[in-house]
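Step one of this worksheet: look at the structure below.
Numbering (our numbering), first residue to last: 521 to 754.
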């Protein structure tokens with residue numbers, strides 16, 4: 521009912537000429553600022569920066585995949601580092617902050633867009649919210665050339681997290697884990713070339729942050745452009 525009311529209000533505002541949906545100037549401003557302040561990240565030895573993982577995914581999919589996410593830093597990196605070509609190509613809960621959103625939505629996208637490549641980019645917390653949906657994928661035989669990428673947990677926590685590959689194995693879904701940057705491209709290629717669902721567990725750098733960031737309680741004047749305390753532990 522609330523949504524219907526909002527839609528009615530929007531239609532009334534549009535009819536009265538009080539609703540301007542032309543955001544061309546704002547989009548052009550954003551494009552200019554992105555060129556002026558390009559994003560960057562630091563590589564630490566052979567570890568995998570999460571931003572780099574998404575860059576490689578973007579390259580190997582020709583920016584054509586439908587991307588879904590959970591909530592957290594992986595969500596921000598997916599928005600920043602994948603080059604989307606079309607509207608609604610990124611499916612995420614945005615500011616609603618719904619952890620566990622990505623996997624069920626990836627299932628819906630696979631059903632709605634048979635033949636499309638669907639990649640669900642997840643962090644460990646979001647994945648554990650709905651990991652049981654791997655069984656749904658197997659039961660429904662969702663083989664429409666789709667892939668699931670689990671953009672993994674920091675390497676220092678590898679011994680205390682569940683073995684996500686075992687979850688996939690229990691659902692008869694092929695899976696692999698990659699820990700080194702020089703092995704990442706081959707691992708993503710294998711995922712993309714494997715018919716049906718696939719889980720790739722990417723073990724990323726020990727400590728990595730999304731930038732730019734506004735500190736809690738701060739304003740745009742307090743924005744942090746880049747970090748100085750990122751470390752790595754293998």
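Where is the CB? At the ideal position from N, CA and C, for every residue including glycine.
Which of helix, strand or coil does DSSP assign to residue i?
i, result
"residue 693", "coil"
"residue 675", "Reliability fails at residue 675, whose pLDDT of 47 lies under 50, so the model's placement of it is uncertain and the value that follows must be treated cautiously. Reduced to three states, the DSSP call for residue 675 is helix."
"residue 730", "coil"
"residue 720", "strand"
"residue 584", "coil"
"residue 523", "helix"
"residue 550", "helix"
"residue 577", "helix"
"residue 533", "helix"
"residue 539", "coil"
"residue 559", "coil"
"residue 610", "strand"
"residue 619", "coil"
What is the C-beta distance between residue i and residue j, in whole angstroms, given that I count them as a contact (C-beta under 8 Å)?
i, j, result
"residue 643", "residue 593", "7 Å"
"residue 646", "residue 590", "2 Å"
"residue 587", "residue 639", "6 Å"
"residue 610", "residue 599", "7 Å"
"residue 727", "residue 566", "That pair is no contact at about 16 Å."
"residue 695", "residue 685", "5 Å"
"residue 740", "residue 733", "The pair is not a contact, with the Cβ atoms about 11 Å apart (cut-off 8 Å)."
"residue 698", "residue 722", "6 Å"
Would residue i and residue j qualify as a contact pair, given that the criterion is a beta-carbon distance under 8 Å?
i, j, result
"residue 719", "residue 693", "yes"
"residue 649", "residue 620", "yes"
"residue 657", "residue 717", "yes"
"residue 601", "residue 578", "yes"
"residue 724", "residue 558", "no"
"residue 654", "residue 629", "no"
"residue 523", "residue 709", "no"
"residue 526", "residue 539", "no"
For the beta strand (DSSP E) holding residue i, just list the boundary residues, first then last.
i, result
"residue 644", "Careful: residue 644 lies outside any beta strand (DSSP E), inside the alpha helix (DSSP H) at 644-649."
List the DSSP bridge partners of residue i.
i, result
"residue 743", "Residue 743 is not bridged to any residue."
Grab the span of the alpha helix (DSSP H) containing residue i for me, first residue to last.
i, result
"residue 568", "Note, residue 568: premise wrong, no alpha helix (DSSP H); not H, not E."
"residue 624", "622-632"
"residue 653", "653-659"
"residue 706", "701-713"
"residue 598", "593-601"
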